[in-house]
Structures are given as C-alpha cells and as structure tokens.
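Written below as structure tokens is the structure these notes are about.
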Amino acid sequence: MPITPNDQKRLPRVFSGIQPSGHLHIGNYLGALKQWVKVQHDYESFFCIVDLHAITLPQDPQALCAGTREVAALYLAAGIDPQKSTVFVQSHVPAHSELAWILGCLSPLGWLYRMTQYKDKAAKQQAEASSAGLLFYPVLMAADILLYHTNAVPVGEDQRQHVELTRDLAQRFNHIYGEVFTIPEVMIPLAGARIMGLDTPNAKMSKSENSEYHAVFLLDPPDKIRKKIMRSVTDSGSEITFNDDPARAGVNNLLTIYQAFTDESKEAIENRFAGKGYGHLKKAVAEVVVEGLRPLQERYHQLINENGYIDDVLAQGAERAATIANPTLKLVQERIGFLKARGKT
Ligand code: ATP
Ligand code: LTN
C-alpha cells in the first residue's frame, strides 16, 4: 500500500461484518461481536452490516430491512461505541460492489468452488438453483476487507478460509498492478470460535437454521434461553470434561459456552463441575448466558426505541467509511487502466 504521511500515524485497522439474514445468536456474539468490543480500543475499527451478503440467499424484503436496523442496534448494545468505531451498512457504500466486480475478474473459479461454506450452502439448495451470488460471496467479502487497508479481521472459525482467499486475491492484484492492498490477518477468539447447534452438536450454530431448539438468540427472553439450554442434546455418559470426541460434542459445546461467557480457565471449569450431573451443568450454563446477555438486552431495548438514533449512527458511519473506501477504489481503477470520467477528480 502506498504510505501517506497520515497513514504512518494511524492505528492498525480491523474490519468485520455480520449478515442481517436472521436474528443474531450466541455464536455470532462469542465468535465475532464480543471480540470486536475489545479490539475497538486498540484498532481503528469498521463494523459493517453486510446486507449485500445476506441476499446471496432469498430474504423477505421487510425482514431484511428491519433486520438491518436490528443488527446495527445489537452492535451498539453489545458495546460497540459509535464515537470510536465506524458502524455502517454495506449497501450504503457503493465502492464495495464496485471493487467486488473488479476482484471477481481476478478470481479463478476453481478458488471459489473450493470454499467449504459455498459447498455447504449450495448443497442445501436444489441442484443448479443456487445463485451466482452465493459463489461470488467471498469475493465481495475480500472487497469489504481490502477497501479499508485492513490489518486484522476478527471472525469465527468458519470464516478463516474466506480471509485466506482475501489474502490470495490481494497478493494477486498487488503482483499484477503494483502494491495497493494491505494483506490482512485473521483474528479468531480463543474460546467461542465455533459454537455448535444445541440440537445438532456436530454442526455449527447458524441463523438460518429453522428448528426451535437450535440456537439461543441474543434477544430471547430468559425463560426461553433456559428452556433451550435445558433441552440441548448431550449423550448417555456422565463425565463433564472438555473433549473433542464427536459423540460427546454436546457437553463440550455447553462447556465452551460457559467458558466463553465467564472467561474462566478450562481447568477451573472442569473442577467446578467434577462429580456433578448434566442437569446441573445445563442449569449453570443457562444462568451465565441469561446474566451475560441481560445488559445487552436492556441496552438494545433502549436504543431501538430512541427515534432516529440508529439511522443517524448509520448515516455518519457510511459517510466516514466512504472517505476511506472511495480513494482505495479510485487507485484500483487507475491501476487497472480505466479512463477517468471527465470532470471527476
Ligand atoms: P447464516 O446462517 O445466515 O449463514 P451465521 O449465523 O453463520 O449466518 P454470519 O453472518 O455468517 O452468521 O456470521 C457472522 C459472524 O459470526 C462471523 O464472524 C462468523 O464467523 C461468526 N459465527 C457465525 N456462526 C458462528 C458460530 N456458530 N460460532 C462462532 N462464531 C460464529
Ligand atoms: N462472510 C462473513 C460476513 C462478512 C465479513 C466481511 C466478515 C462479510 N464481509 C468482511 C469479516 C470481514 C460471515 O461471517 N458470514
């Protein structure tokens, strides 16, 4: 990346985003949001609501619109400070779509077909029916990251491969057209990077899974949270220890949730539950989740009822994001050899 005098003084940058494709769950919180709240003090931070990504699968228009505001309010309720961090909606900054097209022209199809998330999501659709957008998804994600000269990308484990593709694309562009992009690093939390479904402990918790006992949503009332956790799938054993045995994935998941909410060490947690039964474990997990989410839920209800506040934050965020994204896009267009439109600086 060309270094300007201002850049030399700037803090390193993080960029991350969540799709408004449904209600956020504790996997989104522990894998992504919780780390964002911490890193915003040490990094110049960009947190995006990625609506262009959400439409890679069919979305109901009203739910998408309401969900975009809901996700923004949850970012703030979780502790993202809009005075410190830039919070914005992806489609409000057109440079994201424009750079994605350009990077798409540099992406070999083979790289995209290899993405495991694409394979999983496409397999759930009718053969041939999955959209070109679903395949293109990681290219758009690369554009998001690269527009901001991002140094680190805080995400859950499932996104590691997409960040690697981003690095490959950035290197490819820099090699062909000269240094423009910063090569980003992935940043994965030590605990909570992969929370599994409560009813499917061998598959990751996901927003777009329909079954009622799959995920704890961030806005679930306490009784619902307790009910979901009490009903979670475990096994016929009795030992409460962290483990990577697929047959005991349910217990491991409950312990991981406990660890991520309390920040206690694995040893301390295993000692706490030594000799206890699964029922006791479930009750304890339910309480740390209920208490862990309580302040977030209270702030959410205040914020969402403050008329116009969220939209103001998003408008300021998009304006600020564009001041970084637009010059990057302009430089890319110049390097590629696009003729400048007359009258445009
Ligand atoms: P969808 O089901 O619509 O694909 P999702 O629940 O997988 O959604 P995303 O919007 O794709 O959520 O992910 C947002 C962030 O949350 C990413 O950083 C992702 O890594 C993280 N994340 C998603 N699911 C989990 C999970 N089960 N455990 C930990 N982190 C997760
Ligand atoms: N694909 C990501 C969401 C996402 C993202 C990004 C994350 C879109 N653009 C840029 C980090 C950086 C997901 O979590 N499903």
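One rule links them: number in our numbering = place in the sequence shown (from 1) + 18.
Using N, Cα and C, we set each Cβ at its ideal position, and we do this for glycine too.
Remember, it's a predicted structure, so these values are computed and weren't measured experimentally.
From the options, residue whose alpha carbon lies closest to that of residue i
i           : options               : result
residue 262 : 255, 271 and 327      : 271
residue 181 : 197, 198, 191 and 160 : 160
residue 260 : 153, 130 and 286      : 286
residue 55  : 322, 105, 233 and 165 : 105
residue 303 : 313, 327 and 277      : 277
residue 31  : 339, 358 and 361      : 339
residue 347 : 107, 116 and 136      : 116
residue 50  : 129, 212 and 238      : 212
residue 246 : 321, 43, 37 and 36    : 43
residue 248 : 162, 325, 93 and 217  : 217
residue 102 : 174, 293, 300 and 63  : 63
residue 239 : 341, 318 and 125      : 318
residue 244 : 299, 174, 289 and 288 : 299
residue 138 : 224, 183 and 41       : 224
residue 264 : 222, 301, 183 and 321 : 222
residue 179 : 268, 155 and 314      : 155
residue 305 : 242, 325 and 120      : 242
Cβ-heavy atom distance, residue i to the ligand LTN, below 7 Å
i           : result
residue 71  : yes
residue 186 : no
residue 65  : no
residue 106 : no
residue 33  : yes
residue 144 : no
residue 159 : yes
residue 37  : yes
residue 163 : yes
residue 177 : yes
residue 180 : yes
residue 57  : no
residue 68  : yes
residue 111 : no
residue 350 : no
Residue i Cβ short of 7 Å to the ligand ATP heavy atom set
i           : result
residue 87  : no
residue 98  : no
residue 228 : no
residue 241 : no
residue 358 : no
residue 256 : no
residue 40  : yes
residue 315 : no
residue 205 : no
residue 133 : no
residue 225 : yes
residue 211 : yes
residue 50  : yes
residue 294 : no
residue 222 : yes
residue 268 : no
residue 46  : yes
residue 303 : no
residue 234 : no
Check whether residue i and residue j have beta carbons under 8 Å apart
i           : j           : result
residue 74  : residue 149 : yes
residue 61  : residue 96  : no
residue 171 : residue 34  : yes
residue 202 : residue 168 : yes
residue 198 : residue 350 : yes
residue 86  : residue 107 : yes
residue 207 : residue 53  : yes
residue 226 : residue 39  : yes
residue 258 : residue 291 : yes
residue 196 : residue 353 : yes
residue 70  : residue 109 : yes
residue 236 : residue 92  : yes
residue 66  : residue 162 : yes
residue 190 : residue 273 : no
Any non-hydrogen atom of the ligand MN within 7 Å of residue i CB
i           : result
residue 246 : Judged by which ligands are present, the ligand MN is missing from the structure shown, whose ligands are the ligand ATP and the ligand LTN.
Whole-Å CB distance - residue i paired with residue j, under 8 Å assumed
i           : j           : result
residue 295 : residue 254 : About 12 Å separates the two Cβ atoms, so there is no contact after all.
residue 68  : residue 122 : Rounded, the Cβ-Cβ distance is 16 Å, inconsistent with contact.
residue 210 : residue 233 : No, residue 210 and residue 233 are not in contact; Cβ-Cβ is about 14 Å, not under 8 Å.
residue 144 : residue 98  : Not really, about 38 Å apart at Cβ, beyond 8 Å.
residue 331 : residue 84  : With a Cβ gap of about 16 Å, residue 331 and residue 84 do not count as contacting.
residue 343 : residue 187 : Contact doesn't hold; Cβ gap of about 16 Å is too wide.
residue 136 : residue 130 : 7 Å
residue 173 : residue 219 : Their Cβ separation, rounded to whole angstroms, is 21 Å, which puts residue 173 and residue 219 out of contact at 8 Å.
residue 37  : residue 72  : 4 Å
Review point. In chain order, which alpha helix (DSSP H) runs of at least 4 residues are fully inside the stretch 163-243?
Key: 178-195
Exercise for review: Output the residue ranges of the alpha helix (DSSP H) runs that lie fully inside the stretch 313-361 and measure 4 residues or longer, sorted by chain position.
Suggested key: 327-354
**Study point:** Runs of alpha helix (DSSP H) lying entirely within the stretch 72-102, each at least 4 residues, in chain order
**Key:** 79-96
**Study point:** 4-residue-minimum alpha helix (DSSP H) runs that sit fully inside the stretch 247-286, ordered along the chain
**Key:** 267-280
Exercise for review: Please list the segments of the beta strand (DSSP E) lying wholly inside the stretch 45-70, counting only runs of 3 or more residues, in order along the chain.
Suggested key: At a cut-off of 3 residues, the continuous stretches assigned as beta strand (DSSP E) that sit fully inside the stretch 45-70 are 62-67.
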